[in-house]
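In the UniProt record's numbering, the protein residues as written are 1 to 112. Notes to accompany the following structure.
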């Protein structure tokens, strides 16, 4: 998928979410990236993402479809423009290390 198609998909998903009910002003956004081949560099991607001050979590299941990296952008402004800005930057960074975008989702941390 090229970036224009990816952006259009993000806009469509965001529009669906907004139509289903009110969205928070700010939330965490988790972006998922899957390795494109066995030589994807998990360590280098993690180091690059952590250098941006973001959290990275690895998921390594049994099969190739069960392996991905999740990058968390905390306290993101919930607009399609803000989400796309992070998604585009992270997609380009992930591609350098052999990963492809798989999607994203919002989460609102529980308030105590």
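Each residue gets a CB set at the ideal place from its N, CA and C atoms; glycine is no exception. Everything numeric in this text was worked out from a predicted model, so none of it was measured.
If contacts are defined as beta-carbon pairs under 8 Å, then residue i and residue j qualify, I think. What distance do you get, rounded to the angstrom?
| i | j | result |
| --- | --- | --- |
| residue 44 | residue 97 | 5 Å |
| residue 67 | residue 60 | 5 Å |
Could you compute how far the alpha carbon of residue i sits from the alpha carbon of residue j?
| i | j | result |
| --- | --- | --- |
| residue 84 | residue 62 | 31 Å |
| residue 81 | residue 107 | 17 Å |
| residue 51 | residue 18 | 32 Å |
| residue 21 | residue 8 | 21 Å |
| residue 95 | residue 73 | 18 Å |
| residue 55 | residue 38 | 23 Å |
| residue 25 | residue 105 | 15 Å |
| residue 40 | residue 86 | 21 Å |
| residue 89 | residue 47 | 15 Å |
Smallest Cα separation from residue i: which of the options?
| i | options | result |
| --- | --- | --- |
| residue 53 | 8, 59, 77 and 71 | 71 |
| residue 77 | 10, 5 and 23 | 23 |
| residue 16 | 89, 79 and 86 | 79 |
| residue 36 | 46, 47 and 65 | 65 |
With a Cβ-Cβ cutoff of 8 Å, do residue i and residue j count as a contact?
| i | j | result |
| --- | --- | --- |
| residue 42 | residue 69 | yes |
| residue 3 | residue 49 | no |
| residue 6 | residue 91 | yes |
Taking contact to mean at least 3 C-beta pairs separated by less than 8 Å, is the stretch 22 to 40 in contact with the stretch 88 to 102?
-> yes
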